[in-house]
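Engineer:
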Amino acid sequence: MEERRNLVLQSSEDASQYRRLNGRISKSLTRDLRQFNTERIKEAIERSKGSKVFARDLSVGQSQLSKLKTEDGITISSKPKLLEEIEKFHGQLYTSLRLPVNNMAEDPRARLTRHYTEDIPDVSLYEIRMALKQLKNNKAPGDDGITAELLKAGGTPLLDWSGLGININGEYITHLRFADDIVVMAETLEDLGTMLDGLSRASQQVGLKMNMDKTKIMSNVRVAPTPLKVGDSALEVVDEYVYLGQTVQ
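Numbering-wise (numbering that gives the first Met the number 0), the sequence shown opens with residue 0 and increments by one.
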């Protein structure tokens with residue numbers, strides 16, 4: 000570390016030397032910390048102390064919640080008040096305020112029945128807003144690469160396919176997608192045309208464009224194969240199509 004402090008960055012070689020020193024220091028710190036923890040464990044075993052005592056010793060110095068500001072702007076610090084406020088927050092976060100939806104009452108087909116799972120209510124918009132409000136900016140994203148700032152910037156959905164798609168046991172399935180490869184599904188050609196027109200308009204609003212040359216129409220025996228037009232482009236009707244490397248017939 001003394002060598003790194005005395006190093007003067009004046010050339011690319013100095014920068015390379017600086018990075019090499021950082022790597023050596025990082026490895027040394029990791030090795031020393033591992034050795035220190037090993038010695039602590041050995042000492043705890045020699046003193047015939049349990050693992051709980053060792054875990055308690057390691058926790059000394061870690062930051063703990065000491066103050067909290069409520070929704071009313073009041074700062075609390077006592078442990079009972081802190082626990083009460085945390086319990087209240089999580090109660091609001093995970094309690095659904097959504098009213099029952101009965102828009103499927105006139106559908107003659109069966110409602111969606113969930114097997115082998117608990118009857119968990121859907122996440123409400125209020126719960127989503129509460130969760131987004133608590134997200135902190137300038138944090139590293141997860142594996143999906145989506146940052147907190149990007150989630151907070153989301154607004155009203157550009158597409159509304161409510162009541163469209165294929166009804167499977169009471170639940171409408173509108174599409175399958177992998178990255179930008181999308182399969183749009185509908186029960187009639189009229190519904191499919193409506194969905195594709197909406198998808199095209201929504202894509203253009205965000206600077207994207209559907210590839211009409213690769214967009215094809217497939218149907219089963221219940222629907223007569225008829226070409227569709229999206230904008231000025233006529234879509235070809237085919238008997239098979241390669242999707243994600245697999246031929247669909």
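Ideal placement from N, C-alpha and C gives every residue a C-beta, glycine not left out.
(1) Would you tell me roughly how many angstroms separate the C-alpha atoms of residue 313 and residue 209, rounded to the nearest one?
(2) Between the alpha carbons of residue 140 and residue 92, how many angstroms are there, rounded?
(3) Mind reading off the beta-carbon distance from residue 211 to residue 229? Whole number of angstroms is fine, and I expect it under 8 angstroms.
(4) Since residue 225 and residue 191 should fall inside the 8 angstroms C-beta cutoff, what is the C-beta to C-beta distance between them, to a whole number of angstroms?
(5) Give the straight-line distance between the Cα atoms of residue 79 and residue 65, rounded to the nearest whole angstrom.
(6) What is the DSSP secondary structure of residue 16, reduced to helix, strand or coil?
(7) State the CB to CB distance for the pair residue 250 and residue 69, rounded to an integer number of angstroms; the pair is presumed to be in contact (CB under 8 angstroms).
(8) Cβ of residue 183 within 8 angstroms of Cβ of residue 207?
(9) Would you say residue 160 and residue 173 are within 8 angstroms of each other, going by their C-beta atoms?
(10) Would you kindly check if the distance between the Cβ of residue 234 and the Cβ of residue 216 is under 8 angstroms?
(11) If you follow the alpha helix (DSSP H) that residue 78 is in, where does it begin and where does it stop?
(12) Just mark residue 169 as buried or exposed, buried being the case when its beta carbon has 16 or more other beta carbons within 10 Å.
(13) Quick check: the Cα distance between residue 260 and residue 75, rounded to an integer number of angstroms?
(14) Please state the DSSP three-state secondary structure of residue 196.
(15) Excluding sequence positions up to five away, which residues of its chain have a Cβ less than 8 angstroms from the Cβ of residue 20?
(16) Between which two residues does the beta strand (DSSP E) holding residue 166 run?
Structural biologist: Concretely, from the data shown:
(1) Since the first and last residues shown for the chain are 0 and 248, residue 313 lies out of range.
(2) Against the sequence shown, residue 140 aligns to sequence position 141. Against the sequence shown, residue 92 aligns to sequence position 93. Going from the Cα of residue 140 to the Cα of residue 92 covers about 22 angstroms.
(3) Translated into positions along the sequence shown, residue 211 becomes position 212. Translated into positions along the sequence shown, residue 229 becomes position 230. Going by Cβ atoms, the distance from residue 211 to residue 229 rounds to 7 angstroms, so yes, they are a contact pair.
(4) Position 226 of the sequence shown, counting from 1, holds the residue named residue 225. Position 192 of the sequence shown, counting from 1, holds the residue named residue 191. Between residue 191 and residue 225 the Cβ distance is about 10 angstroms, and since that is not below 8 angstroms, they are no contact.
(5) Within the sequence shown, residue 79 is the residue found at index 80, counting from 1. Within the sequence shown, residue 65 is the residue found at index 66, counting from 1. Rounded to the nearest angstrom, the two C-alpha atoms are 11 angstroms apart.
(6) Stepping through the sequence shown from its first residue, residue 16 is reached at position 17. DSSP places residue 16 in helix when its eight states are reduced to three.
(7) This structure cannot speak to residue 250, because the chain is shown only from 0 to 248.
(8) Taking the first residue of the sequence shown as position 1, residue 183 is located at position 184. Taking the first residue of the sequence shown as position 1, residue 207 is located at position 208. Contact: no.
(9) In the sequence shown, the residue the question calls residue 160 occupies position 161. In the sequence shown, the residue the question calls residue 173 occupies position 174. Their beta carbons are under 8 angstroms apart, which means residue 160 touches residue 173 by this criterion.
(10) As a first step, residue 216 must be located in the sequence shown, where it is residue number 217. As a first step, residue 234 must be located in the sequence shown, where it is residue number 235. Taking 8 angstroms as the Cβ cut-off, residue 216 and residue 234 qualify as a contacting pair.
(11) Residue mapping note: residue 78 aligns to position 79 of the sequence shown, counting from 1. Looking at the DSSP string, the run of the alpha helix (DSSP H) that includes residue 78 is 78 to 92.
(12) Here residue 169 is taken as the residue at index 170 of the sequence shown, counted from 1. Exposed, since its Cβ has fewer than 16 Cβ neighbours within 10 Å.
(13) As shown, the chain starts at 0 and ends at 248. That puts residue 260 outside it, with no answer to give.
(14) Locating residue 196 in the sequence shown gives position 197, where the first residue counts as 1. In this structure, residue 196 counts as helix in the three-state DSSP scheme.
(15) The residue given as residue 20 occupies position 21 in the sequence shown. So the list reads 2, 3, 6, once near-sequence residues are dropped.
(16) In the sequence shown, the residue the question calls residue 166 occupies position 167. Its beta strand (DSSP E) spans residues 165 to 167.
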